[in-house]
Amino acid sequence: MAHEAVIGLECHIQLRTRGKMFCGCPAEFGAPPDTNVCPVCLGLPGALPRANRAAVEAALRLGLALGCAIREESVFARKHYFYPDSPKNYQITQYDRPLCAGGSLPVGEAGGERRYDLERLHLEEDTGKSSHPVRAGDRAFSLVDFNRAGVPLLELVTQPVFREPAECAAFLAALRRLVRWLGVSDGDMEKGQLRCDANVSLRPAGAAALGVKTELKNLNSIRGVERGLAAEIARQRLLLEGGGVVGQATLSYDVEHDRLAVMRSKEDAHDYRYFPEPDLPVLRVVGAVLEAARAGLPELPWTRAARLVGRYGLSAHDASVLCEQRELADYYEACAAVADERLAANWVMTEVLRVLHERAGSIGEFAARVPAVRLGGLVARVAAKEIPGPLAKQVFGWMLDEEGGVDELLARHGVRAMGAATDLRPLVLEVLGEHAAAVAQVLAGSSRTLDFLVGQVMKKSRGQAAPQVVRELLETEFARRAAGESPPRAPRGGP
Amino acid sequence: MAIQRDEVRRIAGLARLEIREEELDRIAAELSSVLDYAGALKRLDLAGCEPLSFAPPAAALRADEPDGRCLTAEQALAMAPEAEGGFFLVPPVIEGQDP
Ligand SMILES: [Zn+2]
Numbered sequence: 001m002a003h004e005a006v007i008g009l010e011c012h013i014q015l016r017t018r019g020k021m022f023c024g025c026p027a028e029f030g031a032p033p034d035t036n037v038c039p040v041c042l043g044l045p046g047a048l049p050r051a052n053r054a055a056v057e058a059a060l061r062l063g064l065a066l067g068c069a070i071r072e073e074s075v076f077a078r079k080h081y082f083y084p085d086s087p088k089n090y091q092i093t094q095y096d097r098p099l100c101a102g103g104s105l106p107v108g109e110a111g112g113e114r115r116y117d118l119e120r121l122h123l124e125e126d127t128g129k130s131s132h133p134v135r136a137g138d139r140a141f142s143l144v145d146f147n148r149a150g151v152p153l154l155e156l157v158t159q160p161v162f163r164e165p166a167e168c169a170a171f172l173a174a175l176r177r178l179v180r181w182l183g184v185s186d187g188d189m190e191k192g193q194l195r196c197d198a199n200v201s202l203r204p205a206g207a208a209a210l211g212v213k214t215e216l217k218n219l220n221s222i223r224g225v226e227r228g229l230a231a232e233i234a235r236q237r238l239l240l241e242g243g244g245v246v247g248q249a250t251l252s253y254d255v256e257h258d259r260l261a262v263m264r265s266k267e268d269a270h271d272y273r274y275f276p277e278p279d280l281p282v283l284r285v286v287g288a289v290l291e292a293a294r295a296g297l298p299e300l301p302w303t304r305a306a307r308l309v310g311r312y313g314l315s316a317h318d319a320s321v322l323c324e325q326r327e328l329a330d331y332y333e334a335c336a337a338v339a340d341e342r343l344a345a346n347w348v349m350t351e352v353l354r355v356l357h358e359r360a361g362s363i364g365e366f367a368a369r370v371p372a373v374r375l376g377g378l379v380a381r382v383a384a385k386e387i388p389g390p391l392a393k394q395v396f397g398w399m400l401d402e403e404g405g406v407d408e409l410l411a412r413h414g415v416r417a418m419g420a421a422t423d424l425r426p427l428v429l430e431v432l433g434e435h436a437a438a439v440a441q442v443l444a445g446s447s448r449t450l451d452f453l454v455g456q457v458m459k460k461s462r463g464q465a466a467p468q469v470v471r472e473l474l475e476t477e478f479a480r481r482a483a484g485e486s487p488p489r490a491p492r493g494g495p
Numbered sequence: 001m002a003i004q005r006d007e008v009r010r011i012a013g014l015a016r017l018e019i020r021e022e023e024l025d026r027i028a029a030e031l032s033s034v035l036d037y038a039g040a041l042k043r044l045d046l047a048g049c050e051p052l053s054f055a056p057p058a059a060a061l062r063a064d065e066p067d068g069r070c071l072t073a074e075q076a077l078a079m080a081p082e083a084e085g086g087f088f089l090v091p092p093v094i095e096g097q098d099p
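Residue numbers (the numbering used here), protein chains in the order written: chain A, 1 to 495; chain B, 1 to 99.
Here it is, written out as structure tokens:
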């Protein structure tokens, strides 16, 4: 019997706030261990938590962007469990009345997005960070740093809407783009700013009921999500097709060794004993706060990609590439404002992205060096056929390390763009004079020989001529000769 | 509402408390009386009463400013049974087993 997988994701998004979720400790990454801790985040008796306004606003921003229903009165709850990285023995989270419910995330290229439905989005706090067990003599222990304990997190839970690991990977990439776009999180999976757990079950293809699910934890890269899910689906499929049953369990996946490990089986499934957090008031989102959050939302990435298609005539793919980062889309639009829109898109996607990749820099750093209007100025000259492509790429290279506009750079490097026909006409006549046989072939109708002559003129210009212009000049010249006009004399040599 | 011995065992397990067998009956009776006491609230007619309302939102939320009230690592670790190199030393975090 063929089985299909049903997957739901739980994503944790670390919010980019200055302070922690319920106390005034810095939420920064990389401080010496156990220095950003206080009575509140260590859960010392008598300490009182208070929710961080910026975290609530970030949650609203993401919730609104995802089209969630925002609950006017949501409730914080305690989730109890004992684990060494939890200093209070409970986590403050939201349970039966989360801040945001429903909504969906569009994934895919402009116009062809698929929306994946969400169950909820709620605020909670992070745990501390524990080391792998250390062995010393006959003892084993872990080391815990509580700097991360209490850092604000958003938990996003999807409906069980995925069938393939690749869909989950694409979803996660789209979520990462969105949280960065909205400025709510840096979304760096390597730093744990975006984490993903998955619920996986298999069922006979087409069946309505869900099979027994397992939970896959710590899928901490997009590759890990895809490969971990593939491994777990393969494991369950093998069990079911061998006539066995899947046992409820929590597993972890080690992407380095492509290995699954059981963390808990059903026998010790948790009973979290949720109850409303008595130390925190109901979280009330009044209309004005909600309106402010709505007004502060930028144009969303999928809306913007659709606009780039409609306004600039870009392909869905190109628009999606440019909307991969908000700053990149901003850069492109500033460039397109002063240059040909499609050519600008090509330049940003090939040259700018290549440089970002090679230099491992951000678009912000790049824009500080080559502002969009500066690149736009170059692209405009290319579009006007004043500067040939190969020379323009050279100018672009100079732009990265030098000051100055296009003309200044050309002058500094002793290069003159041979854009104008008046510059090139003498070269064209020179080449025609040197290749009498080729001229006869073109007059007899050989277009390949015309290409050869274009190449010869380009060579004489040392790559500084625009091939389009050369071709047009040659064609004009041949049209004249075909009409029986006598060729003007070439400046040097000649027939 | 009477709490049974099994429930006491289960609650003790969840709370990581060790309860001796001879204590079970006493604790079951005590927990039952606590629940009965809270159960008195159920007899009140609360129709038309708003749930308890807390402080207004402006006061409830904290500005996103670090407040400089962190403990030093020394202060924090002084409360730990054991510490090492600035870290709390805890029982080993369990590793997984083959499925
Ligand atoms: Zn704190």
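Note that the Cβ used here is the ideal one computed from N, Cα and C, for glycine as well.
Predicted model only: the values in this text are computed from it and were never measured.
Sorted by chain position, which residues of the same chain lie with C-beta nearer than 6 Å to A2(A)'s C-beta, five sequence neighbours on each side aside?
As a first step, residue 2(A) is located in the first sequence; it is residue number 2 there, counting from the start. Around A2(A): A205.
By Cβ distance, which residues of its chain are closer than 8 Å to K393(A), with the 5 residues on each side in sequence left out?
The residue given as residue 393(A) occupies position 393 in the first sequence. Counting only residues of its own chain and dropping the five nearest sequence neighbours on each side, K393(A) has a CB closer than 8 Å to the CB of E351.
In the stretch 51-74 of chain A, which residues sit with their C-beta less than 7 Å from some C-beta in chain B, listed in chain order?
The stretch 51-74 of chain A vs chain B, Cβ under 7 Å: A51, N52, R53, A54 and V56.
Between the stretch 177-185 of chain A and the stretch 207-222 of chain A, do three or more beta carbon pairs fall short of 8 Å?
Taking a cut-off of 8 Å on C-beta distances, the stretch 177-185 of chain A does not touch the stretch 207-222 of chain A, as fewer than three cross pairs fall below it.
Going along the chain, which unbroken runs of the beta strand (DSSP E) with 3 or more residues stay wholly within the stretch 228-289 of chain A?
Runs of the beta strand (DSSP E) spanning 3 or more residues and lying entirely within the stretch 228-289 of chain A occur at 249-254 and 259-265, in chain order.
Mind checking which residues open and close the beta strand (DSSP E) that includes R95(A)?
As a first step, residue 95(A) must be located in the first sequence, where it is residue number 95. A quick correction: the sequence has Tyr, not Arg, at residue 95(A). Boundaries for Y95(A): no beta strand (DSSP E) harbours it, and the DSSP string shows neither H nor E there.
DSSP three-state label for N147(A), please.
Indexing the first sequence from 1 puts residue 147(A) at position 147. Note: N147(A) maps to helix in three-state DSSP.
Identify each residue in the stretch 16-50 of chain B for which the Cβ-Cβ distance to at least one residue of chain A is less than 8 Å, and report them in chain order.
Those residues of the stretch 16-50 of chain B that come within reach of chain A (Cβ to Cβ, closer than 8 Å) are R16.
By the DSSP assignment, the beta strand (DSSP E) with I387(A) in it spans what residues?
Position 387 of the first sequence, counted from the first residue, corresponds to residue 387(A). Counted as a single uninterrupted DSSP element, the stretch harbouring I387(A) is not any beta strand (DSSP E), since DSSP gives it neither H nor E.
Using a Cβ cut-off of 8 Å (strictly closer), state whether E65(B) contacts chain A.
For this step, residue 65(B) is matched to residue 65 along the second sequence. So, interface residue.
Distance CB(V406(A))-CB(L474(A)) smaller than 8 Å
To locate residue 406(A), count along the first sequence from 1; it is residue 406. To locate residue 474(A), count along the first sequence from 1; it is residue 474. No, they are not a contact pair.
For chain B, check one thing: does any of its Cβ atoms lie closer than 8 Å to the Cβ of D145(A)?
Within the first sequence, residue 145(A) is the residue found at index 145, counting from 1. Yes, because at least one Cβ of chain B sits closer than 8 Å to the Cβ of D145(A).
Does the Cβ of V40(A) lie closer than 7 Å to at least one heavy atom of ligand 1?
Reading the first sequence from its first residue, position 40 is the one you call residue 40(A). Result yes, Cβ under 7 Å from ligand 1.
Spatial neighbours of I3(B) within its chain, please: C-beta separation below 6 Å, excluding the five flanking residues on both sides.
One-based indexing of the second sequence puts residue 3(B) at position 3. So the list reads A28, L31 and S32, once near-sequence residues are dropped.
At a threshold of 7 Å, does G150(A) count as lining ligand 1 (C-beta to nearest heavy atom)?
One-based indexing of the first sequence puts residue 150(A) at position 150. It does: the Cβ of G150(A) is within 7 Å (strictly closer) of some heavy atom of ligand 1.
In the DSSP assignment, the beta strand (DSSP E) including P106(A) goes from what residue to what residue?
Residue numbering aside, residue 106(A) sits at position 106 when the first sequence is read from its first letter. Here the beta strand (DSSP E) through P106(A) covers S104 to V107.
Please confirm whether any heavy atom of ligand 1 lies closer than 7 Å to the CB of K129(A).
Reading the first sequence from its first residue, position 129 is the one you call residue 129(A). False, no ligand heavy atom lies under 7 Å from that Cβ.
Closer than 7 Å by C-beta to Y332(A): which residues in its own chain qualify, once you throw out the five before and the five after it? Chain order, please.
As a position in the first sequence, residue 332(A) is number 332, starting the count at 1. Excluding its 5 nearest sequence neighbours in each direction, Y332(A) has C-beta neighbours in its own chain below 7 Å: L322, A344, A345 and V348, listed in chain order.
Ends of the beta strand (DSSP E) at D197(A)?
In the first sequence, counting from the first residue as 1, residue 197(A) sits at position 197. Looking at the DSSP string, the run of the beta strand (DSSP E) that includes D197(A) is L194 to P204.
Verify the CB distance criterion: does A12(B) have a CB-CB separation below 8 Å to chain A?
Position 12 of the second sequence, counted from the start, is the residue given in the question as residue 12(B). False, the Cβ-Cβ gap to chain A never drops below 8 Å.
Keeping to the same chain, check which residues put their C-beta closer than 7 Å to that of G494(A); ignore five residues upstream and five downstream.
Counted from its first residue, the first sequence places residue 494(A) at position 494. Because G494(A) sits at a pLDDT of 38, beneath the cut-off of 50, its placement in the model cannot be relied upon, and the point is left open.
Do we get a CB-CB distance below 8 Å when we pair V8(B) with the residues of chain A?
Position 8 of the second sequence holds residue 8(B). No - not a single Cβ of chain A is within 8 Å of the one on V8(B).
Spell out whether any CB of chain B is found under 8 Å from the CB atom of N220(A).
By 1-based counting over the first sequence, the position of residue 220(A) is 220. Answer no: the Cβ-Cβ gap between N220(A) and chain B never drops below 8 Å.
Grouping DSSP H, G and I as helix and E and B as strand, with all else coil, what is T449(A)?
Looking up residue 449(A) in the first sequence gives position 449. T449(A) carries a helical assignment under DSSP once its states are collapsed to helix, strand and coil.
In three-state terms, what does DSSP make of C11(A)?
For the purposes of this step, residue 11(A) is taken as the residue at position 11 of the first sequence. DSSP, read as helix, strand or coil, puts C11(A) in strand.
Could you tell me if K191(A) is buried or exposed, where buried requires 16 or more neighbouring beta carbons within 10 angstroms of its beta carbon?
By one-based count along the first sequence, residue 191(A) stands at place 191. Under this definition K191(A) is an exposed residue.
Hey, F275(A) and G150(A): beta-carbon distance below 8 Å or not?
Start at 1 with the first residue of the first sequence, and residue 275(A) comes out as number 275. Start at 1 with the first residue of the first sequence, and residue 150(A) comes out as number 150. Cβ distance not < 8 Å, so F275(A) and G150(A) don't count as in contact.
For a test of your reading of the model: does the CB of K496(A) fall under 7 Å from any non-hydrogen atom of ligand 1? Yes or no.
There is no way to answer for residue 496(A), as the model of chain A reaches only from 1 to 495.
Which term fits R480(A), buried or exposed, when burial requires 16 or more other beta carbons within 10 angstroms of its beta carbon?
Translated into positions along the first sequence, residue 480(A) becomes position 480. Looking at its Cβ environment, which holds fewer than 16 other Cβ atoms inside 10 Å, R480(A) is exposed.
Just to make sure I have the definition right: I need the residues of chain B whose C-beta is within less than 7 Å of the C-beta of V295(A). Which are they?
Start at 1 with the first residue of the first sequence, and residue 295(A) comes out as number 295. One point to set straight first is that residue 295(A) is Ala, not Val, in the sequence displayed. Those do not exist, as A295(A) stays about 18 Å from chain B at its closest Cβ, beyond 7 Å.
So with CB distances below 7 Å, who are the chain A contacts of R5(B)?
The residue you call residue 5(B) lines up with position 5 of the second sequence. Within chain A, no residue has its CB atom less than 7 Å from the CB of R5(B), the nearest being about 18 Å off.
State yes or no: is the beta carbon of S86(A) nearer than 8 Å to at least one beta carbon in chain B?
Within the first sequence, residue 86(A) is the residue found at index 86, counting from 1. So no, S86(A) is outside the interface.
State the Cα-Cα distance for the pair I70(A) and R284(A), rounded to the nearest angstrom.
Numbered from its first residue, the first sequence carries residue 70(A) at position 70. Numbered from its first residue, the first sequence carries residue 284(A) at position 284. Going from the Cα of I70(A) to the Cα of R284(A) covers about 10 Å.
C-beta atoms of A174(A) and L239(A) nearer than 8 Å
Residue mapping note: residue 174(A) aligns to position 174 of the first sequence, counting from 1. Residue mapping note: residue 239(A) aligns to position 239 of the first sequence, counting from 1. Not a contact, by the Cβ cut-off of 8 Å.
Can you tell me the Cα-Cα spacing of N52(A) and G24(A), whole angstroms?
Position 52 of the first sequence holds residue 52(A). Position 24 of the first sequence holds residue 24(A). Straight-line Cα distance between these residues: approximately 9 Å.
When the Cα atoms are used, what is the spatial distance from D271(A) to R20(B)?
One-based indexing of the first sequence puts residue 271(A) at position 271. One-based indexing of the second sequence puts residue 20(B) at position 20. It is roughly 22 Å from the alpha-carbon of D271(A) to the alpha-carbon of R20(B).
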